[in-house]
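Numbering (mature numbering (1 follows the signal peptide of the UniProt record, and there is no 0)), first residue to last: -24 to -1, 1 to 90. Idealized CB from N, CA, C, for every residue including glycine. Please read these numbers as outputs of a predicted model, since none were measured by experiment. Everything below concerns the one structure shown next.
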């Protein structure tokens, strides 16, 4: 179950992060941006439009490798707090029409995210 949570957090962070231009991404940004996706990630159904908007904004905000690695680590860290479904986490980017450029997995090595 912890692995599923890690997957969820990673997907949510990557999807929903809204960073301000020129500023480093923070875990607070990642968690705040992913909040609209929690119902989908923990319960099912389809992601809401606000969830998908958050995912698209997040991806647009991750300009550097460091931003992407930070978001990944934040998501993995937060995943342990949520009962996230791994299938929902894995499918979220595709359901929102976003390519995240990494495997959504609880075993992802964030230091290798480019």
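- In the three-state DSSP reduction, residue 63 falls in the helix class (H, G or I).
- Runs of alpha helix (DSSP H) with 4 or more residues, each lying fully within the region 23 to 61, are found at 25 to 37 and 41 to 55, listed in chain order.
- Residue state for residue 9 is assigned as helix, using DSSP reduced to three classes.
- In the same chain as residue 25, and ignoring 5 residues on each side of it, no C-beta atom comes closer than 6 Å to its own.
- The way I'd put it, the region 4 to 22 does touch the region 48 to 67; three or more beta-carbon pairs between them come closer than 8 Å.
- Residue nearest to residue 53 within the set 85, 41 and 66 is 85 (criterion: CA-CA distance).
- Between the alpha carbons of residue 45 and residue 70 lies a distance of about 20 Å.
- A distance below 8 Å between beta-carbons, with the five flanking residues on each side excluded, links residue 72 to the following residues of its chain, in chain order: -10, 23, 27, 28, 31 and 32.
- For residue 19, the uninterrupted alpha helix (DSSP H) segment begins and ends at 14 to 19.
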